[in-house]
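Numbering (full-length UniProt numbering), first residue to last: 1 to 263.
Each remark here refers to the structure printed beneath this line.
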């Protein structure tokens with residue numbers, strides 16, 4: 001396995017030669033994956049992640065993510081990433097200390113109804129960097145060592161099926177059957193437990209079971225991190241199970257049939 005020290009030069013070189021795959025969609029969002037070398041003596045490569053505000057009414061409550069959000073009409077994907085990052089954590093990606101490295105492939109969300117574009121940036125340390133969080137949207141911003149992300153134990157996160165597919169609540173008979181299913185009442189996702197800001201730096205608690213909002217990296221951001229690791233020459237993270245892929249496909253096509261039948 002290539003050393004993590006070689007990761008960022010490899011990532012830069014790969015993205016400079018990469019023509020990112022663009023997925024067409026009228027619903028778009030963009031995120032910023034921002035790297036830096038830590039200001040400490042050992043100068044570790046780190047990646048910025050945010051934790052969204054814990055709010056039971058929010059589908060993304062407490063999720064770990066890259067800063068970003070939905071595009072406005074007339075914006076380019078890059079403009080969206082820069083604006084959302086400024087609004088959410090007060091960082092100016094147009095600053096002279098921040099450099100655009102490149103872009104990874106677009107990722108579909110909800111089977112292509114929304115597309116997420118991911119841009120990679122590097123902060124060179126020539127100016128201070130102090131995130132200022134928008135309190136209604138972002139609860140925490142943490143710098144995580146890339147070496148940790150590349151080598152952390154992969155945990156398992158059980159998510160109730162109605163949280164993955166909120167539209168199931170409009171089909172109570174189907175939701176009731178799924179809720180009693182041994183295999184489909186919840187779906188298991190691979191995830192990484194991140195060090196909390198309050199953890200002991202010398203011995204962070206990254207093994208005790210955690211709820212979804214407790215600094216757990218999973219889902220779309222986990223997948224985009226895997227794309228970044230692979231582009232930089234490190235192994236990809238384990239993917240979701242075949243059962244999850246089957247369940248997603250089954251429910252997606254079942255819903256499409258129901259929608260066509262109602263026309």
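The beta-carbon is built from N, C-alpha and C at its ideal position, and this holds for glycine as well.
Residue 104 versus 213, 120, 199, residue with shortest Cα-Cα distance: 120
Nearest to residue 343 by alpha carbon, out of 222, 175, 26, 172? The structure shown has nothing for residue 343, since the chain only spans 1 to 263.
Is residue 163 helix, strand or coil by DSSP? helix
Cutoff 8 Å; reference residue 126; Cβ partners in own chain excluding five residues on either side: 96, 97
Range of the contiguous alpha helix (DSSP H) that encloses residue 199: Taken as a continuous stretch (DSSP letters only), residue 199 belongs to no alpha helix (DSSP H), as it is neither H nor E.
In whole angstroms, give me the CA-to-CA distance for residue 1 and residue 145. For residue 1, the predicted model reports a pLDDT of 43, less than 50, meaning its position is unreliable; a value from the coordinates is still stated below. Cα-Cα distance, rounded: 17 Å.
Alpha-carbon spacing of residue 210 relative to residue 186, whole angstroms: 16 Å
Which residue spans inside the UniProt domain "Nudix hydrolase" (25 to 170) form an unbroken beta strand (DSSP E) run of at least 3? 28 to 37, 45 to 52, 68 to 70, 98 to 109, 114 to 123, 138 to 145, 155 to 160
Hey, quick one: how far does the alpha helix (DSSP H) through residue 184 stretch, first residue to last? No alpha helix (DSSP H) holds residue 184; DSSP gives it neither H nor E.
Segment limits, alpha helix (DSSP H) that includes residue 219: 219 to 231
Could you name the residues that DSSP lists as bridge partners for residue 190? 156
Taking C-alpha atoms, which residue in 131, 13, 118 lies nearest to residue 23? 118
At a cut of 8 Å, does the segment 78 to 95 reach the segment 32 to 39 through at least three beta carbon pairs? yes
If you draw a straight line from the C-alpha of residue 204 to the C-alpha of residue 157, how long is it? 19 Å
Given residue 28, which residues of its chain have a CB within under 8 Å of its CB, disregarding the five upstream and five downstream residues? 70, 71, 77, 80, 114, 115, 116, 117
Reduced DSSP category for residue 216 - H, G, I as helix; E, B as strand; rest coil: strand
Measuring only the C-alpha atoms, how far is residue 38 from residue 75? 32 Å
Out of curiosity, what's the CA-to-CA distance linking residue 254 and residue 162? 15 Å
Please work out which residues of its chain come closer than 7 Å, Cβ to Cβ, to residue 108, disregarding the five sequence neighbours upstream and downstream, and give them in chain order. 23, 115
Helix, strand or coil: how does DSSP classify residue 255 here? helix
In this structure, how does DSSP classify residue 238 when only helix, strand and coil are distinguished? coil
Under a three-way DSSP split, which group does residue 206 fall into? coil
Would you mind reading off the limits of the alpha helix (DSSP H) that contains residue 172? 172 to 179
Could you tell me the boundaries of the alpha helix (DSSP H) in which residue 5 lies? Here residue 5 belongs to no alpha helix (DSSP H), and DSSP marks it neither H nor E.
To the nearest angstrom, report how far apart residue 222 and residue 258 are at their CA atoms. 31 Å
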